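A.B. asks:
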Amino acid sequence: MTESTALYDIPGPHARRRHLLYGLASTVVILALAGWFLHLLFDTEQFTSTKWSPFLYEGIQELLLEGLGNTLKAFAYASVLSLALGAVLAAGRLSEHRVLRWTSTLLVEFFRAMPVLVMIFFIFVALKVQPLPALVAGLTLYNGSVLAEVFRTGIHAVARGQGEAAYALGMRKTQVMTYVLVPQAVRAMLPAIISQLVVALKDTSLGFLITYEEFLHAGKLIASNLDYDLPFIPVVLVISPIYIGMCMLLSWFATWVARRERRNPKTKAVDVTPAEPGTLLPGAQ
-16 MTESTALYDI
-6 PGPHARRRHL
4 LYGLASTVVI
14 LALAGWFLHL
24 LFDTEQFTST
34 KWSPFLYEGI
44 QELLLEGLGN
54 TLKAFAYASV
64 LSLALGAVLA
74 AGRLSEHRVL
84 RWTSTLLVEF
94 FRAMPVLVMI
104 FFIFVALKVQ
114 PLPALVAGLT
124 LYNGSVLAEV
134 FRTGIHAVAR
144 GQGEAAYALG
154 MRKTQVMTYV
164 LVPQAVRAML
174 PAIISQLVVA
184 LKDTSLGFLI
194 TYEEFLHAGK
204 LIASNLDYDL
214 PFIPVVLVIS
224 PIYIGMCMLL
234 SWFATWVARR
244 ERRNPKTKAV
254 DVTPAEPGTL
264 LPGAQ
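Following the working numbering, the numbering of the sequence shown begins with -16 at its first residue and continues without gaps.
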């Protein structure tokens, strides 16, 4: 049976009955909203063959696939560069050199506070950069600064004794970070890292504002050329599940990595034989 802790008490019979009522009420509300939404879709004739037949055309399918490929390309560049920038800025914030630490802090706070759309527009308009590099640069600066805080917090979350023990063994700071602190912090940071990568994936849709031909831009182009009422709704019903599926795939990948890490024999605890009375230390007489 689950034991109560300082943060959570086992609910009694009345609490369990109350939680069950809350769950049933929430389910009814959600189902009612879903039914109302479907009623609106059927009432506006969004599921008629006329509004869905354009998606059977090869040209529209190729346009969507090309937009999806461009979205994944921008996300791949932005995610890799954001992780690299976040690691560099986090290392700067953890540095013992005051100038480097203050400079990294200033960069992190500035780019984290700046709206990502403003950065993308500034790079695209003021610096006259091409759409793809402008989009990737804006996403990298914003998400990299956020990931820097995630990395720094994850390192500080490791028990202080771990680093002190490593220093006591004569390890340098680089070795302590590489072999002791970072491997332990990664498991704690992984959910936050994946959440931020999901944000980066969704923010690639901002590329259509600077004429980058990504997935949302392709959907907008298709909807603007359809000659029936409310053409955007079928397009949204096609594009949204794909975005949701990609985000769920990232979450599944994070779960798979976490399970693989837990099964890794290098991270499992090792049983140590307890000392017996009369056991001598090596070299003792």
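By construction, the Cβ of each residue, glycine as well, lies at the ideal position given by its N, Cα and C atoms. All values derive from a computational prediction rather than experimental measurement.
Just checking my contact of Ala168 with Val141 at CB under 8 Å: how many whole Å lie between their CB atoms?
C.D. replies: Confirmed, about 5 Å.
A.B. asks: Keeping to the same chain, check which residues put their C-beta closer than 6 Å to that of Ala201; ignore five residues upstream and five downstream.
C.D. replies: Hits under 6 Å: Leu46, Leu47 and Gly50.
A.B. asks: Keeping to the same chain, check which residues put their C-beta closer than 6 Å to that of Asn53; ignore five residues upstream and five downstream.
C.D. replies: Closer than 6 Å at Cβ, skipping near neighbours: Glu196 and Glu197.
A.B. asks: Using DSSP with H/G/I as helix, E/B as strand and the rest coil, what is Thr27?
C.D. replies: In the structure shown, Thr27 sits in coil (DSSP, three-state: anything other than H, G, I, E or B).
A.B. asks: Got a sec, what are the start and stop residues for the alpha helix (DSSP H) Phe94 sits in?
C.D. replies: Its alpha helix (DSSP H) spans residues Arg81 to Ala96.
A.B. asks: Between the alpha carbons of Leu72 and Pro224, how many angstroms are there, rounded?
C.D. replies: So the alpha carbons of these two residues sit roughly 35 Å apart.
A.B. asks: Considering Cα atoms alone, identify which of Thr161, His2 and Leu213 is closest to Phe25.
C.D. replies: For Phe25, the nearest C-alpha among the options comes from Leu213.
A.B. asks: Using a Cβ-Cβ cutoff of less than 6 Å, which residues in the same chain neighbour Ala237 once the five nearest sequence positions on both sides are dropped?
C.D. replies: Answer for Ala237: Leu173 and Ile177, listed in chain order.
A.B. asks: Mind checking Gly69: buried by the 16 CB within 10 Å criterion, or exposed?
C.D. replies: Looking at its Cβ environment, which holds 16 or more other Cβ atoms inside 10 Å, Gly69 is buried.
A.B. asks: CA-CA distance, Pro114 and Phe215?
C.D. replies: One C-alpha to the other measures close to 24 Å.
A.B. asks: So for Val71, helix, strand or coil by DSSP?
C.D. replies: Here Val71 sits in helix by DSSP.
A.B. asks: Please classify Glu45: does DSSP put it in a helix, a strand, or coil?
C.D. replies: Residue state, collapsed to three classes: helix.
A.B. asks: Tell me whether Gly153 is buried or exposed, calling it buried when 16 or more other Cβ atoms sit within 10 Å of its Cβ.
C.D. replies: Gly153 should be labelled exposed.
A.B. asks: Does the distance from the CB of Val119 to the CB of Gln145 come in under 8 Å?
C.D. replies: Their beta carbons are not under 8 Å apart, which means Val119 does not touch Gln145 by this criterion.
A.B. asks: How many angstroms separate the CA atom of Leu77 from the CA atom of Tyr125?
C.D. replies: Computed Cα separation, rounded: 19 Å.
A.B. asks: My parser needs the alpha helix (DSSP H) runs of 4 or more residues fully inside the stretch 141 to 224; what are they?
C.D. replies: If we require 4 residues or more, the alpha helix (DSSP H) runs fully inside the stretch 141 to 224 come out as 143 to 151, 156 to 159, 165 to 186 and 198 to 207.
A.B. asks: Rounded to a whole number of angstroms, what is the C-alpha to C-alpha distance between Tyr5 and Cys230?
C.D. replies: For Tyr5 and Cys230, the distance between alpha carbons rounds to 29 Å.
A.B. asks: Along the alpha helix (DSSP H) that carries Leu100, what are the first and last residues, could you check?
C.D. replies: That run of the alpha helix (DSSP H) goes Val99 to Phe104.
A.B. asks: Do Ser65 and Ala183 have their C-beta atoms closer together than 8 Å?
C.D. replies: Yes, the pair counts as a contact, with Cβ atoms nearer than the cut-off.
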